[in-house]
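So the sequence shown is residues 726 to 1339, counted in the numbering used here. All residues carry an ideal CB built from backbone N, CA and C; glycine is no exception.
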Amino acid sequence: MERQNEIVQDVVIKFAGDSGDGMQLTGSQFTNNTALLGVDLATFPDFPAEIRAPQGTLPGVSGFQLHFSSDRIYTPGDQYDVLVAMNAAAVKVNLKGLKKGGRIIVNEDGFDAKNLRLAGYPDGVNPLEDGSLSNYGVVRIDVTKMTREALKEYTLGTKEKDRAKNMFVLGYLYWMYNRNLDSTISFLEEKFGKKEEILQSNIKALKAGYHFGDTSEAFTTRYQVSKARMEPGVYRSIMGNQALAYGLIAASQKSALPLFLGTYPITPASDILHELSRYKNFGVKTFQAEDEIAGITAAIGASYGGSLGVTTTSGPGMALKSEAMGLAVMLEIPLLIIDVQRGGPSTGLPTKTEQSDLLQAYYGRNGESPMPVIAASTPSDCFYGVYEAVRVAVQHMTPVIFLSDGYIANGAEPWRFPQSADLPAIDVSFKTDLAIGEDKFQPYLRDEKLVRPWAVPGTPGLEHRIGGLEKQNVTGAVSYDPENHQQMVRIRQEKVEMIAEYIPEQTLDAGPAKGKVLVLGWGSTYGAIKSAVQEMLAEGHAVAHAHIRYLRPLPRNLGHMLDQYETILIPEINNGQLIKIIRDKYLVDAKGFHKTMGIPITKAELVAELRKYI
């Protein structure tokens, strides 16, 4: 039998099945294997919202999308070339995203009468038999049967053997895309090193899937994607929450401040706690509190005590933390509040992505409670973004909100990580004694940045009052004086606005400095906007892209930049939040493009929207 090797430039695969089918693990292993080859990639895990939805049902489908290419890529792809479906529900949920002529690899056992009924197909209807998939190349594999056959020598029960189905599928895909099995075998040895039979059964299933592709006469073509043209260096695959944790550790080390995380688990932010808890060797202290309020108030206490206080949450937790955030504003101490956004309101869509907490970050506290807001745009950007958020917090003595979202948090991309020496310094100064001519410590006496001193409790001579009541200017005594309150409100606002003088000016990511349309983005819309604008530029259109990291205060030159374009288009995964801020501050008639489906904006959607303004 003659085998063909076909070179392809760009592939999008969607792995889908029950949450118990191991599709997230399969996808992440294929991702790591891809990264080791030097191929550019982007991923989008898509978890079911219910912890254990009924098996075989539509709400129970778990997905993992992977886009890999020999060119630079910025999104997980609009449509997939290959759909790996472990059951009928996985096909029904994901078929709309498969390209015409794409390939579907199905587990035949997942299309029995029970699975078809659970997936909502009418009696007697089977998509594998009725011609409804005739526009696609369907590869039918009885994965369950062949996995059990491969593992017949093992004493494991049927349920345990069936858990290795995902390894059989992964092995077949490794054959299909000319991959080596070693990275996954090493992973299995590390994961199941103390469970010999489970380890060997998974390795056997992996190899069985590979050999099935190699020996079956139904498959004559294998595919290969060349290395991407990327800047030389050492790369690793990283997810947003991982990068965020490493950014916090790096900032702690560079500032010489002990890192304290006071938090309460909430999807999709919990992995930051999990990751940081592994790095006690860097002096990291993690505290899982009994609720959201205890988490942030513990972090405030840590900051008051001279540590780098951090708390993590998502939208519902932000609401609960809001009073304590106001306390941090009143105290004027450094604190980092990390919000990994998800669909709302209330508990909303716990495992789906959204950008709908921006206005909450801006305004969601009682009273005049200004606070800097900084956002990440990609998984690896979480490292640099949160590092900068720490710098702003400690050098301007203010709590800072850092925004990520579920798409960034769980997505992965290659990251050319920096050396410690290459990271900018984060200089921190504590007040240790009274200045010459200072008879008594004045805790709200400010420098040229309007920043008050950071005095660690217990320092002789620097005793001072803290709390949430309004402070008298300079002395810090409790004050109910109307003029003083107005003055302090103005100073706190001015201090935050003054940060604009200490952050970079806004730059263009792509496109001309003057033109037809400026696409203004923030957060996880970065990849879709960049891809869409690149396509429009290739067609010769005067379209540009600017992506905002510093959302409050906004960069000092942003207004001038907006004036250079006929139309400002602001795509957001919300119902229009940044657009309200931009219209309010700059009085421009910006246009919005809004999507609130729990999934990212696609390149194709943005290209279609841009054509309206060309």
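Give the DSSP-derived three-state secondary structure of residue i in the structure shown.
i: E1291; result: strand
i: G1183; result: coil
i: V959; result: coil
i: Y698; result: As displayed, the chain neither begins before 726 nor continues past 1339, which places residue 698 out of reach and without an answer.
i: Q761; result: In the sequence under discussion, the amino acid at residue 761 is Leu, which differs from the Gln named in the question. L761: helix per DSSP, three-state reduction.
i: M964; result: strand
i: R1215; result: helix
i: E1015; result: coil
i: T722; result: In the structure as shown, the chain begins at 726 and stops at 1339. Residue 722 is therefore absent and cannot be evaluated.
i: A1027; result: helix
i: L998; result: helix
i: G925; result: Reading off the sequence, residue 925 comes out as Gln, not Gly. Correct three-state label for Q925: helix.
i: P770; result: strand
i: R1308; result: helix
i: P1124; result: strand
i: L1159; result: coil
i: F1318; result: strand
i: G896; result: helix
i: E1138; result: strand
i: P993; result: coil
i: K919; result: coil
i: A975; result: helix
i: E1188; result: coil
i: T940; result: helix
i: T751; result: helix
With distance defined between alpha-carbon atoms, name the residue in the options nearest to residue i.
i: L791; options: A1137, P1178 and K929; result: A1137
i: P1229; options: E1219, T1184 and R1281; result: R1281
i: L808; options: A981, V864, V1268 and A1329; result: V864
i: L841; options: A815, P1237 and R954; result: A815
i: I763; options: Y897, S962 and V868; result: According to the sequence provided, residue 763 is Gly. The question's Ile does not apply to it. That would be S962, whose Cα lies nearest to the Cα of G763.
i: A1044; options: A1180, G1089 and M1213; result: G1089
i: V1221; options: V1176, Q1231, G1201 and P1182; result: V1176
i: L1159; options: G826, L1148, P1149 and H1189; result: H1189
i: T992; options: V1153, T1232, Q1218 and P773; result: P773
i: Q804; options: F793, M811 and L931; result: F793
i: T1011; options: P983, I1018 and A813; result: P983
i: G1240; options: I1339, A1333 and Q967; result: I1339
i: A1235; options: A1263, W1179 and Q1218; result: A1263
i: V1181; options: D855, A1146, I1058 and N1209; result: I1058
i: A1342; options: V1153, D746, V737 and L1335; result: Summary: the structure shown does not reach residue 1342, with the chain confined to residues 726 through 1339, and so no result is reported for it.
i: G1110; options: I1273, L924 and S857; result: I1273
i: D771; options: S1071, D1064, F1108 and Y1132; result: Y1132
i: Q949; options: Y1227, N730, G1284 and Y1311; result: N730
i: Q1218; options: Y1275, I997, R1116 and M1096; result: M1096
i: G1068; options: I1151, L1061, L1060 and L1083; result: L1083
i: L1187; options: E1195, D834, G1193 and F1155; result: F1155
i: M871; options: L881, V894 and T1038; result: V894
i: P1139; options: P957, T940 and G781; result: P957
i: T946; options: Q1211, I732 and E1173; result: I732
i: T782; options: Q1120, Q1302 and K817; result: K817
i: P779; options: S1047, E1208 and A844; result: A844
i: L998; options: T1022, D1172, L969 and P1149; result: L969
i: A1019; options: Q749, G1042, L1276 and A810; result: G1042
My understanding is that residue i touches residue j, with C-beta atoms under 8 Å, so please give their C-beta distance in whole angstroms.
i: I1298; j: K1320; result: 6 Å
i: T909; j: N1091; result: The pair is not a contact, with the Cβ atoms about 52 Å apart (cut-off 8 Å).
i: L913; j: N927; result: 5 Å
i: N742; j: S787; result: Just to set this straight, residue 742 is Gly in the shown sequence, not Asn. Confirmed, Cβ separation roughly 6 Å.
i: L973; j: L1001; result: 7 Å
i: V1214; j: E1093; result: 5 Å
i: Y846; j: G896; result: Wrong, their Cβ atoms sit about 29 Å apart, outside the cutoff.
i: G965; j: N1135; result: 7 Å
i: I1062; j: T1022; result: Contact flag wrong, Cβ pair sits at about 12 Å.
Using 8 Å as the threshold, is the region 1050 to 1061 in touch with the region 1240 to 1251, meaning 3 or more CB pairs across them? No, the region 1050 to 1061 does not touch the region 1240 to 1251.
Unbroken stretches of the beta strand (DSSP E), 3 residues or longer, contained in the region 1217 to 1280: 1240 to 1247, 1268 to 1273 and 1275 to 1277
Between the region 1315 to 1326 and the region 1290 to 1303, do three or more beta carbon pairs fall short of 8 Å? yes
Unbroken alpha helix (DSSP H) runs of length 4 or more, entirely within the region 1035 to 1120: which are they? 1040 to 1056, 1083 to 1088 and 1106 to 1120
Could you check whether the region 785 to 799 touches the region 943 to 962, counting it as contact only if at least three pairs of C-beta atoms, one from each stretch, sit closer than 8 Å? yes
Are the region 987 to 1002 and the region 1116 to 1127 in contact at 8 Å, needing three or more beta carbon pairs? no
Counting Cβ pairs closer than 8 Å, one from the region 1325 to 1334 and one from the region 1248 to 1258, do we hit at least three? yes
Length-filtered (4 minimum) alpha helix (DSSP H) runs lying within the region 832 to 894: 838 to 843, 868 to 875 and 883 to 887
At least 3 beta-carbon pairs within less than 8 Å: the region 846 to 856 vs the region 881 to 899: These segments do not touch.
Of all the alpha helix (DSSP H) runs that stay within the bounds of the region 785 to 833, which reach a length of 4 or more residues? Runs of the alpha helix (DSSP H) inside the region 785 to 833: 813 to 819.
Are at least three pairs of beta-carbons, each pair with one atom in the region 820 to 836 and one in the region 857 to 872, less than 8 Å apart? yes
Count the CB pairs spanning the region 1281 to 1290 and the region 1068 to 1075 that are closer than 8 Å, and state whether there are at least three. no
Taking contact to mean 3 or more Cβ pairs, one atom from each stretch, closer than 8 Å, check whether the region 931 to 950 and the region 1099 to 1114 are in contact. no
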